[in-house]
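Colleague:
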Amino acid sequence: MDTMQNTYHELTKHSYLSVRENSKPLDWSKQPSVYKVYENYPKIPLDLNNKTHKFLYMLGGITAKKSYPGVEYYLRTVPSAGALYPVEIYFQSRGVEGFVDGIYHFDVANSAIRLLYKIEDDEGVEFFYPDRRVVEGFLFLYSGVYYRSSWKYKDRAFRYLLLDAGHALGALEVASFWFEHAYYILFDFDKLALNERFGFENREFFLSSAVVGKRGEARVKRFGMRLSYVEATYSFEKNPVIEEAYIKTVWLRGCTKSFFYPRINFVRSRLEEAIFHRRSIREFTGTPIKKEEFEFILEYMSDKVPSDCDERVDIYYVVNRVEGVKKGLYKNGELLVEGDYSKKAGYLCLEQALGSESAVTFFLTGSAKSNYQPLYQKAGLIGHRVYIAGEYLQIGVSGIGAYYDDEVREFLNTEDMVLYAIAIGR
Ligand SMILES: Cc1cc2nc3c(=O)[nH]c(=O)nc-3n(C[C@H](O)[C@H](O)[C@H](O)COP(=O)(O)O)c2cc1C
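Per the numbering used here, the very first residue in the sequence shown carries number 5; after that it's consecutive.
And the structure:
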């Protein structure tokens with residue numbers, strides 16, 4: 005058993021006591037910025053009338069503004085724990101019409117992309133992958149600016165970083181379907197070398213990547229880009245627990261490749277609406293959902309995730325209000341125990357009403373022997389599938405990152421790690 009990967013997860017469990025003992029007020033003077041802007045690089049505004057630009061926008065662009073007295077903040081196509089948005093998106097474009105071949109950053113604040121570096125034919129980020137054949141098309145790179153999350157969630161923030169990155173991959177999945185080009189995820193690349201080349205200085209690190217494109221025959225020979233550090237938070241506090249957790253889980257072992265594209269049963273135009281309108285529900289009315297609706301969501305959640313390091317995620321769920329479905333605790337479609345566990349589910353999610361007033365509350369789990377970074381991001385991706393399928397059916401969804409780890413395990417009767425909870429309902 006890999007005790008190293010376990011240590012971080014074990015160390016960052018919530019319990020009834022830990023939540024009460026460790027709740028310090030936030031230091032607002034150290035609140036991190038949620039935007040990284042490469043000011044000194046050419047800015048290309050995203051034009052929503054251009055299909056490729058719109059596809060890029062779907063990956064993390066701004067879709068709503070909320071105003072409270074004294075503050076305004078912007079919500080995006082992706083959800084984020086605490087709306088802290090620690091994930092940054094970079095991509096390499098090669099041979100895509102309308103784009104200079106090069107490395108780009110998604111400048112979310114300005115709804116634009118920035119060209120960071122032009123690449124020659126024989127160079128590219130493929131240099132850092134086991135397969136160095138050129139990718140004709142897009143190669144996306146996802147990083148985490150960890151202090152954005154650790155400012156609020158302290159050591160547990162690495163989990164949220166991985167979940168948020170998983171949501172970003174989920175956003176790519178549905179966007180790629182809309183864009184009519186398949187995608188697949190690559191977790192296996194030299195992230196540490198790329199962190200250096202991007203000048204992240206240990207404050208930001210790569211977590212995953214994904215391809216929307218085709219392999220050519222030629223092999224990349226080099227990658228000349230070296231960027232200097234660009235501010236992403238405007239305040240920073242080192243978190244040694246997170247830095248260590250990243251390093252200990254960055255090298256992958258015994259990966260299973262599985263490149264099956266999921267069956268996505270969406271009408272393209274309605275999917276576009278779901279992508280742009282997706283939101284987290286704040287409160288349920290307690291109205292039941294239909295059996296077919298629930299099955300539509302569960303089927304999509306359970307479908308294949310195309311990647312070079314696929315890890316098993318189990319889907320447990322508490323049915324509270326689904327017409328024609330028995331109340332109880334289920335695992336991967338099978339009833340484990342019948343009964344009304346709605347209060348229990350709410351309690352387990354740190355007493356959040358979302359967990360008890362839902363139609364269904366999901367708990368995603370995975371083995372401690374798995375590769376932690378791919379496993380956790382897959383849980384986030386599945387969470388994103390719930391959001392999109394929910395929005396598509398006009399059913400409310402909220403991700404829930406806070407739960408009493410050991411009590412959930414006891415309730416589910418599993419030794420596996422609890423990765424994520426998600427509530428759906430009306
Ligand atoms: C990993 C993750 C964990 C979350 N945990 C909670 C939670 O415990 N409780 C909650 O009410 N919302 C939770 N949310 C929802 C966020 O608060 C929400 O995504 C964010 O405020 C942005 O709003 P939007 O999703 O409507 O765009 C979570 C979201 C994510 C992605």
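All C-beta atoms in this analysis are idealised placements derived from N, C-alpha and C, irrespective of residue type, glycine included.
DSSP three-state label for Asp111, please.
Modeller: Reduced to three states, the DSSP call for Asp111 is strand.
Colleague: Are the CB atoms of Arg282 and Tyr164 nearer to each other than 8 Å?
Modeller: Against a cut-off of 8 Å, the Cβ pair of Tyr164 and Arg282 comes out as no contact.
Colleague: Are there 16 or more other CB atoms within 10 angstroms of the CB of Ile428, so buried, or fewer, so exposed?
Modeller: Buried, by the Cβ-count rule.
Colleague: Would you mind giving the Cβ-Cβ distance between Ala175 and His388, rounded to the nearest angstrom? I have them listed as a contact below 8 Å.
Modeller: Ala175 to His388, Cβ: 6 Å. Contact.
Colleague: Based on DSSP bridge pairs, tell me the residues matched to Thr365.
Modeller: The partner list for Thr365 (beta bridge, DSSP) reads Val322 and Ala427.
Colleague: Going by C-alpha distance, which of Ala236, Ala87 and Phe270 is nearest Gly405?
Modeller: Nearest option by C-alpha distance: Ala87.
Colleague: Got a sec: does ligand 1 put a non-hydrogen atom nearer than 7 Å to the Cβ of Pro90?
Modeller: Result no, Cβ not under 7 Å from ligand 1.
Colleague: Are Arg430 and Thr289 closer than 8 Å when you measure CB to CB?
Modeller: For Arg430 and Thr289, yes; Cβs fall inside 8 Å.
Colleague: Between which two residues does the beta strand (DSSP E) holding Phe415 run?
Modeller: Not the beta strand (DSSP E): Phe415 falls in the alpha helix (DSSP H), residues Asp409 to Leu416.
Colleague: Need the endpoints of the alpha helix (DSSP H) that Thr253 sits in, please.
Modeller: Where Thr253 is concerned, the enclosing alpha helix (DSSP H) stretches over Pro244 to Val254.
Colleague: Exposed or buried, Asp409, counting other C-beta atoms within 10 Å across all chains shown (16 or more means buried)?
Modeller: Classification for Asp409: buried.
Colleague: Thinking just about the alpha-carbon of each residue, which of Tyr334, Ala393, Gly359 and Gly337 is nearest to the one in Ser346?
Modeller: It is Gly359.
Colleague: CB-CB under 7 Å to Glu411, same chain, minus the five flanking residues each way: which ones, in chain order?
Modeller: Here the set comprises Leu352.
Colleague: Does Ser273 pass the burial test, meaning 16 or more other C-beta atoms within 10 Å, or should it be called exposed?
Modeller: Ser273 comes out exposed.
Colleague: When the Cα atoms are used, what is the spatial distance from Val138 to Arg98?
Modeller: Computed Cα separation, rounded: 8 Å.
Colleague: Specify, as a first and last residue, the run of the beta strand (DSSP E) that Lys218 falls within.
Modeller: Start and end: Glu208 to Arg223.
Colleague: Considering only their Cβ atoms, is the gap separating Phe162 from Tyr250 smaller than 8 Å?
Modeller: Their beta carbons are under 8 Å apart, which means Tyr250 touches Phe162 by this criterion.
Colleague: Whole-angstrom Cβ separation of Gly332 and Leu339, contact assumed at under 8 Å?
Modeller: The pair is a contact, with the Cβ atoms about 5 Å apart (cut-off 8 Å).
Colleague: Please name the residue, chosen from Val401, Pro310, Pro36 and Lys261, that lies closest to Phe298 on a Cα-to-Cα basis.
Modeller: It is Val401 whose Cα lies nearest to the Cα of Phe298.
Colleague: Which term fits Ala393, buried or exposed, when burial requires 16 or more other beta carbons within 10 angstroms of its beta carbon?
Modeller: By the neighbour-count rule (16 or more Cβ atoms within 10 Å), Ala393 is buried.
Colleague: Hey, would you say the C-beta of Pro36 is under 7 Å away from at least one heavy atom of ligand 1?
Modeller: Checking the Cβ of Pro36 against ligand 1 gives no.
Colleague: Go through the stretch 6-47 residue by residue and report every complete run of the alpha helix (DSSP H) that reaches 4 residues or more, in order.
Modeller: List check, alpha helix (DSSP H) in window: 7-15 and 20-25.
Colleague: Kindly indicate which three-state DSSP category Ala406 falls into: helix, strand or coil?
Modeller: Ala406 falls in the coil class under three-state DSSP.
Colleague: If you reduce the DSSP assignment to three classes, tell me which class Arg257 lands in.
Modeller: Coil, per DSSP.
Colleague: Return the CA-CA distance between Ala372 and Tyr424, expressed in angstroms with no decimal places.
Modeller: Whole-angstrom Cα-Cα distance: 14 Å.
Colleague: Could you please give the first and the last residue of the uninterrupted beta strand (DSSP E) stretch that includes Phe144?
Modeller: Segment Arg137 to Val149, the beta strand (DSSP E) holding Phe144.
Colleague: So what does Tyr334 bridge to, in DSSP terms?
Modeller: Paired residue(s): Tyr321 and Leu339.
Colleague: May I have the straight-line CA-CA distance separating Met5 from Asn114, to the nearest angstrom?
Modeller: The predicted model places Met5 with a pLDDT of 40, which falls under 50 and marks its position as unreliable; any figure quoted below should be read in that light. Roughly 46 Å between the two C-alpha positions.
Colleague: Is Thr56 helix, strand or coil when you go by DSSP?
Modeller: If DSSP states are grouped into helix, strand and coil, Thr56 belongs with the helices.
Colleague: Assess, as a yes-or-no matter, whether the stretch 136-151 is touched by the stretch 211-223 under the definition of 3 or more beta carbon pairs within less than 8 Å.
Modeller: Verdict: yes, contact present.
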